[in-house]
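A short write-up of the structure that comes next.
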Amino acid sequence: MDHSAVDMSVDLSAATGSPAGGGATVAAVLAVKSLQRAKSRLAATLSSAAGHDDPTSRGSLVLAMFLDTVEALRGAGVTRVVVVSPDDEVLDAARRAGMHGLPEVVSPTTASGLNVAFGHGARWARGRWPDSTRLMFVQADLPAATSASLREVLREAPAHRLSFLTDRDGTGTVLLLGYLTPDRAGAEALDDAPRFGPGSAAAHRATGAVELDPAHARWIDLRTDVDTATDLAAARALGLGPHTADALRHM
Numbered sequence: 517m518d519h520s521a522v523d524m525s526v527d528l529s530a531a532t533g534s535p536a537g538g539g540a541t542v543a544a545v546l547a548v549k550s551l552q553r554a555k556s557r558l559a560a561t562l563s564s565a566a567g568h569d570d571p572t573s574r575g576s577l578v579l580a581m582f583l584d585t586v587e588a589l590r591g592a593g594v595t596r597v598v599v600v601s602p603d604d605e606v607l608d609a610a611r612r613a614g615m616h617g618l619p620e621v622v623s624p625t626t627a628s629g630l631n632v633a634f635g636h637g638a639r640w641a642r643g644r645w646p647d648s649t650r651l652m653f654v655q656a657d658l659p660a661a662t663s664a665s666l667r668e669v670l671r672e673a674p675a676h677r678l679s680f681l682t683d684r685d686g687t688g689t690v691l692l693l694g695y696l697t698p699d700r701a702g703a704e705a706l707d708d709a710p711r712f713g714p715g716s717a718a719a720h721r722a723t724g725a726v727e728l729d730p731a732h733a734r735w736i737d738l739r740t741d742v743d744t745a746t747d748l749a750a751a752r753a754l755g756l757g758p759h760t761a762d763a764l765r766h767m
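Residue 564 in our numbering sits at position 48 of the sequence shown, with consecutive numbering throughout.
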């Protein structure tokens with residue numbers, strides 16, 4: 517798993533070793549729930565297996581998967597990364613790792629949820645890195661993701677307005693990639709493009725997004741997001757990132 521820390525502004529063509537749209541740069545947005553509330557389905561399966569659920573250990577596992585996902589991004593040359601979260605521990609970890617942590621405001625009068633957080637992060641990223649030509653929305657629970665697969669996706673993704681990669685069963689989405697035109701036309705629409713959640717693959721397809729590798733023959737490491745103990749076992753079989761492996765050793 518080739519994770520590497522690099523400078524905070526990287527030409528993607530240099531990172532991939534091939535042209536990437538005239539020196540294109542990509543900004544990645546991730547969203548992480550409160551660690552005490554994250555991964556309720558994983559909590560249920562871990563509780564069933566162990567007889568109890570320890571929210572602190574589960575939170576540490578969620579944080580570890582997030583950090584491994586980010587390291588895979590960085591190894592692929594994606595160093596413009598912002599994470600949106602209501603959890604101070606997540607934001608502190610993001611900042612220590614050289615990312616930008618953006619607080620998610622959660623209140624009864626404010627819209628919330630994963631896609632709202634993604635949109636918030638996208639607007640911030642466009643303002644912070646105005647020369648970025650691509651925005652990537654990435655699930656934060658990809659502990660087996662490799663930099664090599666991410667480099668291939670970025671290199672081979674067609675120059676459509678939107679493209680996406682499904683999860684292992686083909687119904688969910690692990691990655692949504694959008695292009696920003698030079699005149700920034702439609703940039704605001706890109707902020708509203710994420711349709712993550714149950715049935716997100718069909719929802720993204722319905723917006724006109726192009727599915728990457730519709731035969732599901734490639735990039736299984738990227739497709740393996742973790743919501744259940746079965747997913748975690750599949751990720752472990754592929755090879756976990758160091759943070760997740762260490763968190764499991766301590767559970």
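We put the beta carbon where it would ideally sit given N, CA and C, even for glycine. Computed from a predicted model, the values in this text were never measured in an experiment.
I need the DSSP call for residue i, collapsed to helix, strand or coil.
i             : result
glycine 694   : strand
valine 600    : strand
threonine 649 : coil
alanine 547   : strand
threonine 585 : helix
threonine 689 : strand
valine 632    : helix
valine 578    : helix
Rounding to the nearest angstrom, what Cα-Cα distance links residue i and residue j in this structure?
i              : j              : result
valine 586     : valine 594     : 9 Å
histidine 757  : threonine 744  : Note that residue 757 corresponds to glycine in the displayed sequence, not to histidine. Spanning the two alpha carbons is a distance of roughly 17 Å.
tryptophan 735 : arginine 644   : 30 Å
arginine 590   : leucine 738    : 14 Å
arginine 611   : glutamate 620  : 15 Å
histidine 519  : serine 663     : At histidine 519 the pLDDT is 40, less than 50, meaning the model places this residue with poor confidence; the figure from the coordinates comes in the next sentence. Rounded to the nearest angstrom, the two C-alpha atoms are 7 Å apart.
aspartate 657  : threonine 687  : 16 Å
valine 542     : methionine 767 : 35 Å
arginine 642   : arginine 596   : 11 Å
Can you check which of these residues, the options, is closest to residue i by C-alpha distance?
i                 : options                        : result
alanine 819       : Ala580, Gln655, Ala749, Val669 : Any answer about residue 819 is impossible in this case: the structure gives the chain only from 517 up to 767.
threonine 723     : Val632, Met652, Asp708         : Asp708
phenylalanine 653 : Phe712, Asp747, Gly629         : Phe712
glycine 617       : Phe582, Gly575, Gly629         : Phe582
valine 598        : Thr572, Ala638, Ser576, Val578 : Ala638
valine 606        : Ala753, Ser628, Val548         : Val548
aspartate 608     : Ser573, Leu579, Gly635, Asp584 : Leu579
glycine 635       : Leu706, Glu672, Leu754         : Leu706
With respect to the beta strand (DSSP E) encompassing residue i, which residues constitute its N-terminal and C-terminal limits?
i                 : result
proline 619       : 616-619
phenylalanine 712 : First-last for phenylalanine 712: undefined, no H or E at that position.
Compare the beta carbon distance of residue i and residue j with 7 Å and say whether it is the shorter of the two.
i             : j             : result
leucine 692   : proline 710   : yes
aspartate 729 : aspartate 683 : no
leucine 546   : aspartate 603 : no
serine 648    : threonine 689 : no
glycine 694   : leucine 651   : yes
alanine 763   : serine 601    : no
arginine 667  : alanine 588   : no
alanine 725   : leucine 678   : yes
Which residues mark the beginning and the end of the alpha helix (DSSP H) in which residue i is found?
i             : result
serine 716    : 716-722
serine 663    : 663-672
threonine 682 : Run containing threonine 682: none in the alpha helix (DSSP H); it sits in the beta strand (DSSP E), 678-682.
proline 659   : First-last for proline 659: undefined, no H or E at that position.
alanine 761   : 758-765
leucine 738   : 736-739
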